[in-house]
Amino acid sequence: MPFEHLLVLSFILFALAAAGFLTHKNTIVLLMFAELMLNAANLALAAFAKLSGSPEPQIFILMIFAVAAAEAGVGLALIILLARNLKTLDIDEIRNLKG
0 MPFEHLLVLS
10 FILFALAAAG
20 FLTHKNTIVL
30 LMFAELMLNA
40 ANLALAAFAK
50 LSGSPEPQIF
60 ILMIFAVAAA
70 EAGVGLALII
80 LLARNLKTLD
90 IDEIRNLKG
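For the sequence shown, position 69 (counting from the first letter as 1) is numbered 68 according to numbering that gives the first Met the number 0, and the numbering increases by one without interruption.
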């Protein structure tokens, strides 16, 4: 796939994920859109790695995937705790809580 197509695909993926992140209220869906934005950035990095021919960006991408997996696990655990304690996944209701 040509370099330009990868960058356009990455931009479209990031833009759709950002739009979804700004419009949805469910915390699990927000986490999924945040991960999708991170994967779009990884795709752009992979496109630049293909252009340069250097192996270092590929190592960075693998490290980013590992950190993203840990982030998703911790984020999902926190969301599950919120859902159990507050009985809601709506971000507006969680944000309005005091105390």
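All C-beta atoms, glycine included, are put in the ideal place defined by N, C-alpha and C.
Limits of the unbroken alpha helix (DSSP H) element including LEU8: The residue labelled residue 8 in the question sits at position 9 within the sequence shown. Run containing LEU8: 2 to 22, per the alpha helix (DSSP H) assignment.
ASN38 in three-state terms, based on DSSP: Here residue 38 is taken as the residue at index 39 of the sequence shown, counted from 1. Reduced to three states, the DSSP call for ASN38 is helix.
Coil, strand or helix - ASN25 by DSSP: One-based indexing of the sequence shown puts residue 25 at position 26. DSSP places ASN25 within a strand segment (E or B) once states are collapsed to three.
Test item: CB-CB of ALA46 and LEU12 under 7 Å: Within the sequence shown, residue 46 is the residue found at index 47, counting from 1. Within the sequence shown, residue 12 is the residue found at index 13, counting from 1. No. Outside cutoff.
Neighbourhood of GLU30 by C-beta distance below 8 Å, restricted to the same chain and skipping five residues each side: Taking the first residue of the sequence shown as 1, we reach residue 30 at position 31. Here residue 30 turns out to be Leu, not Glu, going by the sequence shown. Excluding positions up to five away in sequence, the list reads ALA71, GLY74, LEU75 and ILE78.
Cut-off 7 Å between Cβ atoms - residues of its own chain near GLU34, not counting five sequence neighbours on either side: What you label residue 34 is simply residue 35 of the sequence shown in a count that begins at 1. Excluding sequence neighbours, GLU34 sits near ALA67 and ALA71.
Identified DSSP bridge partners for ASP89: As a working note, residue 89 is residue 90 in the sequence shown. The beta-bridge partner set that DSSP reports for ASP89 consists of ASN25.
Three-state secondary structure (DSSP) of GLY74: Here residue 74 refers to the residue found at position 75 when the sequence shown is read from its first residue. The answer is helix: DSSP assigns GLY74 an H, G or I state.
Rounded C-alpha distance that separates ILE63 from ASP89: As a working mapping, residue 63 is identified with position 64 in the sequence shown. As a working mapping, residue 89 is identified with position 90 in the sequence shown. Taking the straight line from one Cα to the other gives about 28 Å.
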